[in-house]
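Colleague:
2 protein chains.
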Amino acid sequence: MEGRAESGTDDEKNVARPLTSDNIRSFVDSVDAFLFDCDGVIWKGNKLIDRVTETLNVLRSMGKNIIFVTNNSTKSRKQYAKKFLRLGLSVSEEEIFCSSFAAAMFLKVNEFPPDKKVYVVGEEGILEELEIAGFKGIGGPEDGKKLVDLKPNCYFEHDKNVGAVVVGFDHYINFYKLQYANLCIRENPGCLFIATNRDAVGHMTDLQEWPGSGTMVAAVCGSTQKEPIVVGKPSTFMMDFLLKRFPFDTSKMCMVGDRLDTDILFGKNAGCRTLLVLSGVTSLSTLEDPSNEIHPEYYSGKLSDVLDLLEE
Amino acid sequence: MEGRAESGTDDEKNVARPLTSDNIRSFVDSVDAFLFDCDGVIWKGNKLIDRVTETLNVLRSMGKNIIFVTNNSTKSRKQYAKKFLRLGLSVSEEEIFCSSFAAAMFLKVNEFPPDKKVYVVGEEGILEELEIAGFKGIGGPEDGKKLVDLKPNCYFEHDKNVGAVVVGFDHYINFYKLQYANLCIRENPGCLFIATNRDAVGHMTDLQEWPGSGTMVAAVCGSTQKEPIVVGKPSTFMMDFLLKRFPFDTSKMCMVGDRLDTDILFGKNAGCRTLLVLSGVTSLSTLEDPSNEIHPEYYSGKLSDVLDLLEE
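In the order they appear, the protein sequences are chains S and W.
The first sequence lines up with residues 7 to 318 when you count with our numbering.
The second sequence lines up with residues 7 to 318 when you count with our numbering.
(1) Taking DSSP as the reference, what is the three-state secondary structure of D45(S)?
(2) Under the three-state reduction of DSSP, which class applies to S306(W): helix, strand or coil?
(3) Please say whether G286(W) and T280(W) have beta carbons closer to each other than 7 Å?
(4) Have a look at K152(S) and E163(S) and give me their C-alpha separation to the nearest angstrom.
(5) Under a CB-based cut-off of 7 Å, is C227(W) close to chain S?
(6) Report yes if the CB atom of D149(S) is closer than 7 Å to the CB atom of Y182(S), and no otherwise.
(7) Measuring CB to CB, does V124(W) end up less than 7 Å from F141(W)?
(8) For the beta strand (DSSP E) that V115(S) lies in, which residues bound it at each end?
(9) Does N180(W) get closer than 7 Å to chain S when you measure Cβ to Cβ?
(10) Could you please give the first and the last residue of the uninterrupted alpha helix (DSSP H) stretch that includes C160(S)?
(11) Compile a chain-ordered list of the residues in the stretch 285-309 of chain W whose CB is closer than 9 Å to at least one CB of chain S.
(12) Give the interface partners of H177(W) over in chain S, defined as CB-CB distance under 8 Å, in chain order.
(13) Who are the near neighbours of W49(S) in its chain, counting only those whose CB is closer than 7 Å to its CB and skipping five residues on each side?
(14) Taking 7 Å as the threshold (beta carbon to beta carbon), is Y186(W) in contact with chain S?
(15) Between A201(S) and P147(S), how many whole angstroms is the CB-CB distance? I'm expecting something under 8 Å.
(16) Measure from the alpha carbon of N159(S) to the alpha carbon of each residue in S289(W), F33(W), D314(W) and K53(W), then state which is nearest.
(17) In the DSSP assignment, what are the bridge partners of Y178(W)?
(18) Look at the alpha carbon of N203(W) and the alpha carbon of L133(W), and state the distance between them as a whole number of angstroms.
(19) Can you tell me where the alpha helix (DSSP H) with N194(W) in it begins and where it stops?
(20) Is there contact between the stretch 218-230 of chain W and the stretch 82-98 of chain W, where contact requires at least three CB pairs shorter than 8 Å?
(21) Take F103(W) as the anchor and find which of P195(W), F243(W), G128(W) and K232(W) has the nearest alpha-carbon.
(22) Output yes or no for whether 7 Å exceeds the beta carbon distance between D264(S) and V47(S).
(23) So with CB distances below 7 Å, who are the chain W contacts of Q231(S)?
(24) Who are the Cβ neighbours of E60(S) in its own chain at under 8 Å, not counting the five residues just before and after it?
(25) Short of 7 Å in beta carbon distance, which residues of its chain neighbour P302(W), apart from the five on each side in sequence? Order them along the chain.
(26) Compare the C-beta of N52(S) with all C-beta atoms of chain W and state if any pair is closer than 7 Å.
(27) Pop quiz: T256(S) and G277(S) are said to be a contact at Cβ under 8 Å. What is the actual Cβ separation, rounded to whole angstroms?
(28) What number of angstroms, rounded off, separates the C-alpha of I30(W) from the C-alpha of K308(W)?
(29) Please go through the same chain and pick out, in chain order, the residues whose beta-carbon is closer than 6 Å to the beta-carbon of F254(W), but skip the five residues on each side of it.
(30) Per the contact definition of three or more C-beta pairs closer than 8 Å, is the stretch 166-176 of chain S in contact with the stretch 72-89 of chain S?
(31) By the DSSP assignment, the beta strand (DSSP E) with F261(S) in it spans what residues?
(32) For the alpha helix (DSSP H) that contains A170(W), what are its first and last residues?
(33) So what does DSSP say about L316(S), is it helix, strand or coil?
(34) With respect to the beta strand (DSSP E) encompassing R279(S), which residues constitute its N-terminal and C-terminal limits?
(35) Should S241(W) go down as buried or exposed, given a rule of 16 or more other Cβ atoms within 10 Å for buried?
(36) What is the rounded straight-line gap between the Cα of G51(W) and the Cα of M245(W)?
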């Protein structure tokens with residue numbers, strides 16, 4: 007018999023178990039909802055990972071709820087739904103929880119005054135979610151081509167009415183945006199500093215890892231010497247919204263991800279089951295390294311192993 | 007009588023004293039060499055701070071040695087000597103210790119193989135000092151206009167022969183350079199990660215503070231999750247070179263700077279006297295804040311106070 011109750015002593019719990027044909031059935035049976043990270047689990051860049059569609063179809067046919075929880079802030083929920091469709095997967099906006107959405111929801115929940123502005127170091131998704139939530143975002147892609155000439159008497163103006171800076175992944179990061187964010191956070195009284203997430207690297211393309219949002223966030227921390235409020239994984243902020251729509255017992259949810267310090271930690275923080283897949287940024291040697299302190303319940307090579315093991 | 011020996015108990019030492027007409031003479035008399043930070047002490051951007059020239063002239067006329075120790079890596083020693091001249095100060099290259107020079111010297115001292123390359127996230131000064139020291143620097147300003155298009159199948163190539171990445175202040179910071187540095191540090195075996203310095207902000211122009219080298223360094227830490235070797239202040243690495251040319255007793259040297267966590271800490275780490283001037287990034291309230299743990303021996307508003315107090 008497999009399952010949470012008999013997963014052993016604390017010591018034994020610190021060893022992730024591989025998914026096998028012996029434990030797959032009881033594992034899947036004990037889960038009502040699967041929460042999937044996207045980059046490194048469902049796709050890499052714009053390429054679906056091997057046999058993801060079939061696996062999701064089988065899980066849905068078994069009555070499992072499928073939810074996507076991604077730290078990628080470059081797209082809004084609406085843009086994600088379009089990407090899923092383009093890749094041949096039918097997913098509704100309501101099933102997608104992305105960190106751009108989380109940033110906008112954080113402001114909403116905390117009653118951010120709609121007459122204040124939000125400066126964005128990040129891409130289109132954050133601006134779109136801010137707009138949907140009724141906030142005025144500035145910066146973002148538009149500031150990606152702005153240069154700074156450090157001439158004598160040069161004075162960098164910033165909007166004193168910016169009440170929050172949201173930092174996410176931004177492949178048009180530049181000195182202009184860094185100074186803008188720096189001045190807002192340092193000089194505008196009470197200005198919030200919100201990070202969508204702090205992933206060190208990510209599979210922005212299928213072939214390679216690239217500096218992730220953690221890079222841009224660290225840069226802003228470097229100049230402001232302040233720490234941000236993180237709304238993406240491993241923070242469980244998104245879980246509140248998720249549970250409003252999918253009111254399951256968290257112990258019957260399983261977070262499936264490729265990162266230990268975001269996905270697996272998020273799952274554990276939220277009291278969910280956890281499955282690490284090795285199709286993204288984490289290798290088996292990283293998982294098993296004695297310095298690693300984050301242990302998923304299960305691990306497997308890739309998501310479609312679930313399908314293969316169920317079929318065995 | 008003023009002086010180090012009678013500066014009191016440990017508790018009393020933790021309170022910086024203002025320079026006054028009562029203590030100025032004995033303080034100046036007890037110092038053989040003054041080490042000056044530049045930005046915020048001598049100049050802001052391209053503007054000399056009030057009466058700096060007269061103050062340095064008087065100190066020189068009293069037989070004091072004058073040395074400049076700056077974390078700014080945008081210029082080489084040669085370029086600094088030219089800047090001093092342009093501002094009407096005659097300073098020899100040998101009297102200037104800048105963090106671009108320190109980065110090149112670090113590689114020299116550690117017998118970095120000259121057939122390996124050095125990738126630079128930074129400006130001209132680092133490349134020039136590397137060249138003078140016989141090393142092949144790549145990157146720097148030249149990569150400032152390179153864009154990354156995160157298309158499917160896009161593969162970012164980096165030179166496997168890069169054996170060190172040097173990160174300093176770079177107002178052309180971009181995603182291309184961040185990925186280049188990231189790949190070298192993560193994928194080239196044994197690749198060194200050297201930071202010229204970690205100043206959070208700096209007076210790159212006279213009117214304002216801007217994100218400093220600490221911003222670019224933090225960004226690279228963010229993606230690589232590695233910590234750099236810091237060669238600028240507060241590391242005392244530059245002191246070894248300084249003492250070769252100016253073999254004074256460090257207790258007869260006084261570090262004069264505007265930053266607590268670089269200048270004053272450097273002075274204290276090296277066993278020097280310390281004087282904080284409030285003409286740069288540190289305010290009196292920051293100095294006196296209970297959370298501040300770095301206490302200079304003396305403080306004063308600006309460098310020329312020394313002159314005014316001597317003349318009283």
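Beta carbons: idealized from backbone N, C-alpha and C, even for Gly.
Fair warning: this is a prediction, and the values are worked out from it, not measured in the lab.
Modeller: So, from the data block:
(1) strand
(2) strand
(3) no
(4) 13 Å
(5) yes
(6) yes
(7) yes
(8) Premise fails: V115(S) lies in the alpha helix (DSSP H), S105 to V115, not in any beta strand (DSSP E).
(9) yes
(10) Where C160(S) is concerned, there is no enclosing alpha helix (DSSP H), given that its DSSP letter is neither H nor E.
(11) none
(12) V154, L156 and F181
(13) I55 and L93
(14) no
(15) The pair is not a contact, with the Cβ atoms about 18 Å apart (cut-off 8 Å).
(16) K53(W)
(17) For Y178(W), which the question treats as bridged, DSSP gives no partner whatsoever.
(18) 16 Å
(19) Run containing N194(W): none; DSSP gives neither H nor E here.
(20) no
(21) F243(W)
(22) yes
(23) A206
(24) S310 and L313
(25) A22, I270, T280, L281 and L282
(26) yes
(27) 4 Å
(28) 14 Å
(29) D38 and A39
(30) yes
(31) Position check: residue 261(S) holds Met in this sequence, whereas Phe was assumed. From DSSP, the beta strand (DSSP E) with M261(S) extends over M259 to G263.
(32) Taken as a continuous stretch (DSSP letters only), A170(W) belongs to no alpha helix (DSSP H), being part of the beta strand (DSSP E) at V168 to V173.
(33) helix
(34) R279 to V283
(35) buried
(36) 25 Å
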